[in-house]
Amino acid sequence: MKIKKQSFFRKFIMYKVISVIVSIMVILLIASFFYKDYVSVGCNNKYINRVINPSYVYTGIKYIDETYFTEPIAYQKIGLDAKLVTTATSNGKPTLFVFVLGETARSQNYQANGYPRPTNQYTQLDNMISFKNVTSCGTATAVSVPCMYSAMDRNNYNKQVAYNQDNFIDILHRAGISMLWKENDGGDKGVGARIRKTTLKRDVHNPLCDGESCFDMALLNNFDQEVAQMKGSKFITLHIMGSHGPTYYKRYPKDHTFFTPDCQRADIENCTKEQIVNSYDNTILYTDYVISQLIQKLKGYSDKYNTALFYISDHGESLGEGGLYLHGTPYSLAPKYQTTVPMMIWFSKSFTQDRDLNLTCLEHIANNAKRGDYSQDNVFSSMLGIMNVKTSVYKPQQDLFRQCRTN
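The structure is reproduced here in structure tokens:
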């Protein structure tokens with residue numbers, strides 16, 4: 023075999039560059055027509071990014087970077103001066119605060135935020151206050167969760183720092199508040215590493231679990247016993263499965279199928295957009311049901327505790343707008359459907375009085391908020407403030423509730 027010599031090196035390079043550009047264009051062209059198919063397969067089979075290349079380039083590069091090019095960061099404790107303070111209006115009762123961390127819920131599909139479908143028909147009776155136009159820190163759980171719990175803002179967020187620094191949970195715990203994290207999603211992403219955690223057993227078979235996954239109502243099992251085991255003021259985080267796709271139909275029981283026809287399959291590319299939206303809206307409605315049941319349970323504790331509930335989702339979701347589905351689009355390119363999240367609160371009467379909160383003021387702020395006014399950056403200081411924890415790392419300008427409290 024005679025080897026043909028390339029006489030013009032520049033010409034050779036030019037051909038190669040053109041070949042690469044044309045290949046990329048062909049790939050993008052194909053992806054634009056079959057994006058829904060690819061994203062569904064990718065989300066249902068996350069191992070693909072590790073085995074699609076026989077030489078394991080992805081894993082190799084990640085290992086080399088973390089081993090040789092990433093400087094280890096020493097763990098940093100912050101808020102060492104954290105102290106639980108008593109306000110002038112204190113009624114002497116301890117606090118029972120439930121933080122519901124949502125999954126993949128987008129604000130645009132919330133009836134409370136103007137959506138025309140009754141996706142909040144359960145909590146409507148509880149007069150929850152819904153903040154509109156709240157933006158997320160990321161478009162994926164692994165970014166949004168550690169970011170919103172950290173003292174950092176989205177603009178200066180650093181993953182390595184977040185994993186090696188106290189978050190508001192650690193500071194609340196240091197101040198003497200009893201903590202519990204209950205998990206029904208993909209893990210706490212390191213934010214609950216230093217407190218007590220429990221994870222639902224999905225391998226059991228019962229009305230709420232099918233051996234592979236559990237409905238979020240299962241998080242309320244043993245709730246009374248767990249509250250009884252905790253001391254003093256208590257802060258419980260429930261990390262729900264919420265609206266995680268593409269298997270939306272697995273997030274709600276059949277008897278909670280309100281919007282039909284829905285998509286009863288994992289390969290959403292074989293469902294119509296109407297079916298996908300109906301399934302997604304059913305997940306939002308089921309989350310609303312779970313929250314309403316939790317509120318009823320908290321009302322039963324009103325004689326012993328100042329009770330409160332705070333709900334926020336980690337990121338949103340695309341449902342076909344602009345040809346995009348699911349989430350995880352780079353933040354700079356992500357549509358508002360992936361970066362706008364619901365944030366809702368419910369405070370008992372005794373909690374409101376104890377914190378000297380003006381709910382009319384809070385509702386006015388929530389209803390008139392514009393995009394960019396509030397984000398997950400507000401969570402850190404809002405939780406410290408509303409739990410009456412005084413510390414130097416608290417940022418009053420980022421506390422959602424501060425301007426509606428008189429002391």
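If you count by my numbering, then the sequence shown holds residues 23 to 429, one letter each, in order. Each residue gets a CB set at the ideal place from its N, CA and C atoms; glycine is no exception. Note that the structure is predicted; figures quoted are calculated from it, not measured.
| Check | Outcome |
| --- | --- |
| Closest by C-alpha distance to G338, when choosing among K321, G345, T362 and S354 | T362 |
| The segment 227-244 in contact with the segment 261-279 per 3-pair CB rule at 8 Å | yes |
| Within the segment 370-396, ranges of the alpha helix (DSSP H) (whole runs, at least 4 residues) | 371-376 and 381-390 |
| Through-space distance from F257 to P149, alpha-carbon basis | It should be pointed out that residue 149 corresponds to Asn in this sequence rather than to Pro. Distance between the alpha carbons of N149 and F257 is about 22 Å. |
| CB contact flag (T161, T351, <8 Å) | yes |
| T145 vs D310 beta-carbon contact at 8 Å | yes |
| Per DSSP, cross-strand counterpart(s) of R427 | L379 |
| Distance between beta carbons of T163 and G208, contact taken as under 8 Å | 6 Å |
| Coil, strand or helix - K412 by DSSP | strand |
| F55 burial status per 10 Å Cβ neighbour count (16 or more: buried) | exposed |
| Segment limits, beta strand (DSSP E) that includes H195 | Not the beta strand (DSSP E): H195 falls in the alpha helix (DSSP H), residues F190 to R196. |
| Cβ contact (3+ pairs, closer than 8 Å) linking the segment 352-361 and the segment 306-322 | no |
| Option in P268, L260 and A110 with minimal Cα separation from I59 | The identity of residue 59 in the sequence shown is Asp, whereas the question assumes Ile. Looking at the Cα atoms, P268 is the closest of the given residues. |
| Selection from M252, T282 and L241 that minimises the alpha carbon distance to I262 | L241 |
| Residue(s) in a DSSP beta bridge with T220 | K204 |
| Alpha-carbon spacing of S324 relative to D246, whole angstroms | 13 Å |
| Inside the segment 291-341 only - beta strand (DSSP E) runs reaching at least 3 residues | 328-335 |
| K321 to A53 span [Cα, whole Å] | 50 Å |
| Limits of the unbroken alpha helix (DSSP H) element including S166 | T163 to Y171 |
| CB contact flag (D376, S112, <8 Å) | yes |
| Three or more C-beta pairs below 8 Å linking the segment 340-351 and the segment 395-413 | no |
| Start-to-end residues for the alpha helix (DSSP H) that takes in T361 | K358 to T361 |
| Alpha helix (DSSP H) segment containing F245, residue limits | F245 to Q251 |
| 8 Å CB neighbourhood of R218 in its chain, flanking five on each side removed | M201, L202 and W203 |
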